[in-house]
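Accompanying notes for the structure given below.
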Amino acid sequence: MKPKHSLLALVAVFAAALPLASHAAAVTRTGTIKFTGKVTAPSCSVDGSTAMAIPAIDVALGEISMDKVQALASRPSHFKAHSIKIACKGATNLIVSLKAKDSTHTLPGQTKILKNTASGSPAAGVGIALYQTGKATSYDLVSGQLLNKPSPSASETITFDAAYVQDPAVTAMTAGPVQADLPFELSYD
């Protein structure tokens, strides 16, 4: 064999063996990822609750004569003032948002009037609205906010007026029980 061909054959053998040598030289090392943290109680509580779930907040509006139920646009003369206490330790960006769903919780086409969901023979032509305390300004129950505090104090109080209001789509009101539910969300950092 000529030295030139021997040299080419030798180069070909080394070239073929080179990938094997590089794999054989690979080093495998193992390690561990360690996760640490702490689970704490909620930083904020509603009306003294210590549980993760927010308690149901009952607002009893009482009885009212049909002729005293007013339209949404006017400040109601018959309302129930209510407050909700929120205690927070070290929380920031405290927001209490109203989360009614259109047509599930509110009257059709109305985002400011809760529909009557009482069973049996419920009152017709009447719903419930929330107003800013002492004002004729009603809250948007689908996307409104009762509170928005970037730096809340250790204790915050939300106040509002709740009132029966006329359903603008119904001309004849009837007497009966009234019940409505308004979902809300408490969020904070």
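If you use our numbering, the sequence shown corresponds to residues 78 to 266, in order. All C-beta atoms in this analysis are idealised placements derived from N, C-alpha and C, irrespective of residue type, glycine included. Predicted, not measured: the structure shown is a model, and the values here were computed from it.
Closest Cα partner of Q256 within the set F112, A137, A168 and K226: Just measuring C-alpha positions, the residue of F112, A137, A168 and K226 sitting nearest Q256 is A137.
Neighbourhood of S160 by C-beta, 7 Å cutoff - its chain only, sequence neighbours within 5 removed: T234, I235 and T236
For a minimum of 3 consecutive residues, which ranges assigned as the beta strand (DSSP E) are wholly contained in the stretch 188-215? Entirely contained in the stretch 188-215, the beta strand (DSSP E) runs reaching 3 residues are, in chain order, 203-208.
Going by DSSP, what residues sit across from I141 in a beta bridge? None; I141 has no bridge partner.
T169 versus F261 - alpha carbon distance: 18 Å
Can you give me the Cβ contacts of S120 inside the same chain, cut-off strictly under 8 Å, excluding the 5 residues immediately before and after it? C165, K166, G167, A168 and Y265
Residues near Y241 by beta carbon distance below 7 Å, same chain, minus five either side: Once the five neighbours on either side are set aside, the close Cβ partners of Y241 are L138, I141, V146, V203, I205 and V255.
Report the partner residues of D238 according to the DSSP bridge assignment. A158 and Y208
Is it right to say P153 is buried, meaning 16 or more other beta carbons lie within 10 angstroms of its own, or is it exposed? buried
So V219 and A177 are supposed to be a Cβ contact under 8 Å. How far apart are they, rounded? Yes, they are in contact, since the Cβ atoms of V219 and A177 sit about 5 Å apart, within 8 Å.
Of the choices I134, T248 and D238, whose alpha-carbon is the least far from that of G211? The residue among I134, T248 and D238 with its C-alpha nearest the C-alpha of G211 is D238.
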